[in-house]
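Respectively, the protein sequence lines represent chains A and B.
To convert, note that position 23 of the first sequence is 31 in our numbering; the numbers rise steadily by one, no gaps.
To convert, note that position 176 of the second sequence is 159 in our numbering; the numbers rise steadily by one, no gaps.
Each remark here refers to the structure printed beneath this line.
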Amino acid sequence: LQDIIQAYKSGITLQGNSTSLGRWDFSGSFFFSISTITTIGYGNLSPNTAAGRVFCVFFALFGIPLNLVLLNSIGQLMLSGVQHCAHHLEEKFHWQKKATLLIRICALLTCLLLFLLLPPVLFSAKEGWSYEEGFYYSFITLTTIGFGDYVIGMNPDRTYPGWYKNVVSLWILFGMAWLALVIKFCINLLE
Amino acid sequence: MALTSQPLRGKKRCKKIFWAVFPHACFILSLVIYAFLGALMFSHIEGNRKVNSSEGYRNFLQGLWSISKNLSDNMTENEEVFKEKIYNLLGTFQHEWFVDPKKIWNFFGSLFFCCTVFTTVGYGNTYPITRTGKYLCMLYALFGIPLMFLVLTDMGDILATVLSKCYNEFRKLQEKILASKLCSVFMCKKESETKSRRSLLMNSKVGINEPLSIVEVLKSQSALKRKPGQYRNAEIFEMLIAREKEYTKLSRTKSIERWSSCPELERGKTMTSVIENFDKIGKELEKLDVPILLMILVIFVYISCAAAILPKWETNLDFQEAFYFCFITLTTIGFGDTQLQHPRFFLFLSLYIIIGMEIVFIAFKLGQDRLIVFYKKVISFCGEKKIMPKKIYPK
Chain A
9 LQDIIQAYKS
19 GITLQGNSTS
29 LGRWDFSGSF
39 FFSISTITTI
49 GYGNLSPNTA
59 AGRVFCVFFA
69 LFGIPLNLVL
79 LNSIGQLMLS
89 GVQHCAHHLE
99 EKFHWQKKAT
109 LLIRICALLT
119 CLLLFLLLPP
129 VLFSAKEGWS
139 YEEGFYYSFI
149 TLTTIGFGDY
159 VIGMNPDRTY
169 PGWYKNVVSL
179 WILFGMAWLA
189 LVIKFCINLL
199 E
Chain B
-16 MALTSQPLRG
-6 KKRCKKIFWA
4 VFPHACFILS
14 LVIYAFLGAL
24 MFSHIEGNRK
34 VNSSEGYRNF
44 LQGLWSISKN
54 LSDNMTENEE
64 VFKEKIYNLL
74 GTFQHEWFVD
84 PKKIWNFFGS
94 LFFCCTVFTT
104 VGYGNTYPIT
114 RTGKYLCMLY
124 ALFGIPLMFL
134 VLTDMGDILA
144 TVLSKCYNEF
154 RKLQEKILAS
164 KLCSVFMCKK
174 ESETKSRRSL
184 LMNSKVGINE
194 PLSIVEVLKS
204 QSALKRKPGQ
214 YRNAEIFEML
224 IAREKEYTKL
234 SRTKSIERWS
244 SCPELERGKT
254 MTSVIENFDK
264 IGKELEKLDV
274 PILLMILVIF
284 VYISCAAAIL
294 PKWETNLDFQ
304 EAFYFCFITL
314 TTIGFGDTQL
324 QHPRFFLFLS
334 LYIIIGMEIV
344 FIAFKLGQDR
354 LIVFYKKVIS
364 FCGEKKIMPK
374 KIYPK
């Protein structure tokens, strides 16, 4: 029985009835590339041919530093945005140093809400997971562990709106940049 | 006096080595303890999961039996019918029906799982199913990943120093060979002049390392002659200022050395130096400057070593597949498409994996820096449409 299951799992990509994220058309390949260069690596799709694997190796070799540069710049952008806000509010209300700390805590809480607490609501609406499962999925994705037990867009019985994949990709990008920023701050605090 | 100081000096050296190695060993030991604790926790929680045959499982089996009962003897006809009917049935399949939790979540299995969590590889061949297991997994990752990151950065310093030393030795050797070749070809009378000038031009990264007069500087910077006068003056002033800074730095280090020759201060120095070393974690890594192609070559050689040994006990992997698997693991992507038959043996390679992740981490850091430099050049080229003069500074 195990062999049948294995054969099914490898054969599902050949059949035409799987979702667009489960086969090698443009959306599925794009999602695969994203999962490779962010090093999440779900594994729902992975190259089987020798040529595909060789290409994947070189693709990852150049793509991962590129992704790191992008994450760093997005992080810097977010940080400068927060500091800009703090500066603005300081001028308006004439608060002293306390304002920056307050603004930072506020920003941290908003980002926490936006990147970790709100997306599970979206996932439970679109994927039919519970809130806990959605939260677990968000956490495992943003820390780039990426088990692959939960993957978005893999249920052939559900229809996904057009904007769904793009919004999730944006969320992954900004969420990872924010998490990297938080880790940097923590390390700076420890020093 | 001289006879009694010999064993003392040996003891001091031992103590020095111990205190130098201690912080690094501390980090690695804490990571190992963390992994073992996690393995115990997960094997307890997930291994004792109650396996109750759910309704869905029973329906699935019944559906399978009824399909196979209604098949005729014709093979080709069977295939069509089977594919169609089984597709809908297999859509309801759940992975946890067919796995025995006690077999998968024994100590070594849980240890393997914990390693995939805090290295963020995350294969996905084992994953927590119970609710407590999932929450515990998230908590474990929250503390394990920064710890792993700390260990990586700490060992990366060692690796970076080793790499840069090797590379510098290699460059020095290269220069010596080149200089000796030139000596044999040209007349040896002019050799001393050309040698100093050539060493200046070749060490574009190191810059000015011999005291040169301004006339010699002007002569050697032949490129400066082609530029307008104002740039030339600015360049010369900047180089002079940089050289002054070098001299003051040298004199400062000399004064510190004189101060530290006091014996009473030696005793307290080891502890403060150990504590200071904690602040220096990651600084060596930032200073590293070797060509990125060399790093890529090192990575490929390193992975090929493992890919050559791995098929010895994983019989269904050939060299190419083992290479792909090692690469996907070391970059922490971790698809999980390649199943290991003996995960335990892979754990024994954990030192290899840490060093491998190190090397990949360093290579990606270097790649990042090179990319940023490249982007800056492109943007300045597009923005100003003027080729900036090449700046030669001591680093």
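Note that beta-carbon positions come from the ideal geometry of N, C-alpha and C, so glycine has one too.
Just so you know, these numbers come straight off a predicted model, no measurement behind them.
Query	Result
Taking CB distances under 8 Å as the criterion, tell me whether B/Tyr123 reaches chain A.	no
Can you look up B/Leu156 in the DSSP assignment and give me helix, strand or coil?	helix
Report the rounded CA-to-CA distance for A/Ile153 versus B/Val104, giving the unit in angstroms.	5 Å
I'd like the ranges of any alpha helix (DSSP H) spanning at least 4 consecutive residues and lying wholly in the region 130 to 181 of chain A.	139 to 150
Taking the CB atoms as reference points, tell me whether A/Gly83 and A/Ala188 lie closer together than 8 Å.	yes
Alpha carbon to alpha carbon, what distance is there between B/Leu(-9) and B/Ile292?	46 Å
Return the first residue and the last residue of the alpha helix (DSSP H) that B/Tyr40 is part of.	38 to 52
So, helix, strand or coil for B/Arg32, using DSSP?	coil
Which of the three DSSP states is assigned to B/Asp272 in this structure?	coil
What does a CB cutoff of less than 7 Å around A/Val176 pick up in its chain, not counting 5 residues either side in sequence?	Ile160
Under a Cβ-count criterion, where at least 16 other Cβ atoms within 10 Å of its own Cβ denotes burial, should B/Val34 be classed as buried or exposed?	exposed
Which residues in chain A sit within 8 Å of B/Phe347, going by Cβ to Cβ distance?	Ile72, Pro73, Leu76
Check whether the region 121 to 128 of chain B touches the region 35 to 53 of chain B, taking contact to mean three or more Cβ pairs, one atom from each stretch, closer than 8 Å.	no
Compile a chain-ordered list of the residues in the region 124 to 143 of chain B whose CB is closer than 7 Å to at least one CB of chain A.	Ala124, Ile128, Pro129
Taking only three categories from DSSP, how would you classify A/Asn75?	helix
Rank B/Leu73, B/Ile336, B/Glu60 by C-alpha distance to the C-alpha of B/Phe310 and give the top, closest one.	B/Ile336
Counting only Cβ pairs nearer than 9 Å, list the residues of chain A close to B/Gln303.	Ala58, Arg61, Val62
Using the beta-carbon of each residue, which ones in chain A are nearer than 7 Å to B/Leu354?	Pro73, Leu74, Val77
Just to make sure I have the definition right: I need the residues of chain A whose C-beta is within less than 8 Å of the C-beta of B/Phe19. Which are they?	By Cβ distance, chain A contributes nothing, its closest Cβ being about 20 Å from B/Phe19, past 8 Å.
Find the residues of chain A that neighbour B/Tyr110, judging by a C-beta separation of less than 7 Å, and give them in chain order.	Phe155, Asp157
Give the secondary structure of B/Leu323 by DSSP, where H, G and I count as helix, E and B as strand, and everything else as coil.	coil
Please identify the residue among B/Phe308, B/Gln324, B/Thr113, B/Leu146 whose C-alpha is closest to the C-alpha of B/Thr298.	B/Gln324
Rounded to whole angstroms, what's the CA-CA distance from B/Trp48 to B/Val82? Just pull it up for me.	20 Å
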